[in-house]
Every structure is written in structure tokens, then in C-alpha cells.
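For the sequence shown, my numbering assigns the number 111 to the initial residue and increments by one for each residue that follows.
Each residue gets a CB set at the ideal place from its N, CA and C atoms; glycine is no exception.
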Amino acid sequence: MVILSIVLAGCGRSDQITSYTIPTTVPEALVQQDRMLGGIVPATEKVWFYKLVADVDSVAAIEDGFKKWIQQLKYENGAPQLDVPDDWKRIAPGMMQHAKFQIPAGERMIEMSVAELGNSGDWDEQVVANVNRWRGQMALPPDTDKYAGGEALQVENPPSDAQPIWVSLDGVFKSGPSMGGRPPMAGAASMPSPATPPAAAAKAPEPKYAFELPEGWTEGRAGGMRLAAFDVATEEGSAEVTLIEAGGDTQANIGMWVSQVNPKSKPDDAAAVLEAGEEITVMGITGTRFRLYGEEGGEKAIDVTMVPLQGGSSLFIKMTGAPAAVKAADPSLTEFLGTIKTAANG
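In C-alpha cells, the structure reads:
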């Protein structure tokens, strides 16, 4: 609660102080309840995620149709054939997304994302980790039961022998889009997330990679898919570097990055970037580095290195920022790439 004291001044009388008590906690009945729906379908080398988030009433209107669509998807060479209803609208995917659609639900459109990650390790453990990640986005505590609250999903054309999973979570969506989801409300970015109760706090995972930071680099905002993040200061401004493991073929990723630096890009632009890729060795593995500076006067540039990993996924070391800052940080990024190694190697 907040107590406001207001001073009332008038001629010929002493000042009067009136106090008002104003509740700052939103009544539970007024908190919007959201619903997240997700399908997790494992192929041999990749795992496919189909996910949407919106208010409960809007999601309820399309839930059956969305679930049936996932169940009927066909897969070729481990990849889904994304045939969608006529009233779905395909839109540009975000970073680390394979595809994105808008689905009509009454008077609003709900965004649904398709994403992929490498399939490695015990399947049940992968399911629990991913569903608990989604539970965290819905302000729900982690669940240690099998599938973490998800349930077995029967699909008509399973791309592997592992069990697909259906997830339906009701809560309060408190995360920005991560492989899909609804955007935060205006002004929500400045609001702190609720603190995690000590009893529910998960033990921080052991670092997967070791590295040395160049001068001018500081630890940034990691978490979620970000294995590490750094803020880079240059004389031309600041940039950000992230380390993420994910799937996706090279051409699809380049097409996505090109559209991010230049929304008016043409297919030939992606081909030119692919042709200009530079071979680079990271952790003893041959990767490829792509520099995307966009058009003259553009606002965003990307310098990204893809390092192939076992299981079909890749490590992405990606710098983003204004073109001048990204160009200025080129030497320090090259230096950083040369220091990366697996944490097990010390």
C-alpha cells in the first residue's frame, strides 16, 4: 500500500494534512489469466516445438483446432510440412524461430511459433526441462513428475519412436517471447518480475563453456536459451553478444538474419551472405562466420558464428548492435572466439 499525504492550504486557516491509503496490489480477480498451449514432437535429430500464449478465453476458442493441427502434421526427413488453414497468416519469424503464424480467435489474432532444437540426451529429461521452462514463463513452480504436467500426445505421423507431448498451462504469462508467445503489454518491460521463492528456486546449472573476456566486455543478461551474454562497449556505441545452442539449417538462419537487418531484403541478399561466409575454428571445430551490416544508414547489424555440434544443433555466437558499434567490435569478437572452449576442458 502507498500512503499519500496532501497538504490543503487556504487563506486564514492553518494547513490541513489529509492522508489517503491507496492499495498497490492488483486484486486477484483483476489479474488476467493466460493459457499456454504447446506441442513437443521429437524427430531423430531435432525436437519441434509448437507454442502459443494468450488470455484463457481467446485460447479456449482455438485449442481443439490447434491440437488437431499438430496431431495431423506430416514430416519429411524429420521436418514438418507446415500446411495451415486458409485463415492462418504466416508472418516473419523471430530469432531462433523456424516459422510463425497468426491464428484468428474471435476479434484478435494469436501468434503461434514453430521452433526447433537439437535432440540429445534422455528424452524424458528433455521434456521435463522444456516444460518447466514454460512453467516458469507462466509464473508456475517447477514440476518433477513425468512430463512436468504435460501429457502424451498421439500424432498421426510420428517422426520418431519417442513420445510427443501436449502441454496446457494456465497462469500469468510473465516472460517476453521465447520461441513464440504473445508480446508483453506496453510498459511491462519496466516492471520487475516476481521474485522466485527460495524453496522453488532451481540450482544454477554448471557453465557449459569457458572463455576469456576481451577488454570492454562485461557480463550481460543470460538465462533461458542464453547460455551466456555480454555487453560490449566501443567508441562507436554498445553491442551485445549471446551464446545459444539451437537447430535450424544455415540457409534458413541466414534468411532470418538478413530480414532482421533489412526488412526489405531480397532472396539474393541471403545468397550473397552465404557466399561471403568465413570459415573459422572454434573449440577445434570448423564453423562459419557471417557479417551482416545491412544497407547504408541501417539501424542494426549482426555478426554471427555458427559452430556445428553433435546431434544436429549448433552453437551460435551472435553480436548485435548498431552497424558502427558491431564493426568497431569486430577485432574483440575475433579475440573472444579464439578463447571459447568447453568447460570440461578447464
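Query: DSSP beta-bridge partners for serine 278?; Result: Leu147
Query: Using only alpha-carbon positions, find the residue among Val265, Ala272 and Ala239 that is nearest to glycine 259.; Result: Ala239
Query: May I ask you to list the residues that DSSP assigns as paired with aspartate 413?; Result: Arg401 and Met429
Query: What does the Cβ neighbour count give for alanine 435, buried or exposed, with the cut at 16 atoms within 10 Å?; Result: buried
Query: Count the other C-beta atoms from every protein chain shown that fall within 10 angstroms of the C-beta of lysine 256, then say buried if there are 16 or more, exposed otherwise.; Result: exposed
Query: Tell me whether the beta-carbon of methionine 393 lies closer than 8 Å to the beta-carbon of threonine 344.; Result: no
Query: Grab the span of the beta strand (DSSP E) containing proline 190 for me, first residue to last.; Result: 189-191
Query: Can you give me the Cβ contacts of glutamine 361 inside the same chain, cut-off strictly under 8 Å, excluding the 5 residues immediately before and after it?; Result: Ala380 and Leu384
Query: Just to confirm, are lysine 210 and glycine 188 a CB contact at a threshold of 8 Å?; Result: no
Query: Taking only three categories from DSSP, how would you classify leucine 384?; Result: helix
Query: So, with DSSP's three-state summary, where would you put leucine 183?; Result: coil
Query: Determine the direct distance from the alpha carbon of leucine 425 to that of isoleucine 354, and round the result to whole angstroms.; Result: 6 Å
Query: For the putative contact between alanine 356 and serine 423, defined by C-beta atoms under 8 Å, what is the C-beta separation to the nearest angstrom?; Result: 6 Å
Query: For the alpha helix (DSSP H) containing tryptophan 244, list its first residue and its last residue.; Result: 233-247
Query: Between the Cα of alanine 225 and those of Thr398, Ile150 and Glu388, spot the shortest distance and give me the residue it belongs to.; Result: Ile150
Query: My assumption, with CB atoms under 8 Å, is that proline 274 sits in contact with tyrosine 185. Please give the rounded CB distance.; Result: Their Cβ separation, rounded to whole angstroms, is 11 Å, which puts proline 274 and tyrosine 185 out of contact at 8 Å.
Query: Looking at valine 371: is its Cβ nearer than 8 Å to the Cβ of glycine 408?; Result: yes
Query: Can you tell me whether DSSP reads isoleucine 220 as helix, strand or coil?; Result: strand
Query: May I ask you to report which of helix, strand or coil DSSP gives serine 348?; Result: strand
Query: Rounding to the nearest angstrom, what Cα-Cα distance links glutamate 329 and glutamine 181 in this structure?; Result: 42 Å
Query: Just confirm the distance between the C-beta atoms of valine 417 and isoleucine 395, as a whole number of angstroms; I'd bet it's less than 8 Å.; Result: 5 Å
Query: Starting from alanine 362, follow the alpha helix (DSSP H) in both directions and report where the run begins and ends.; Result: 360-371
Query: May I ask which residues mark the beginning and end of the beta strand (DSSP E) holding leucine 162?; Result: 156-165
Query: Candidates Trp276, Ala249 and Lys374: which alpha carbon is nearest phenylalanine 159's?; Result: Trp276
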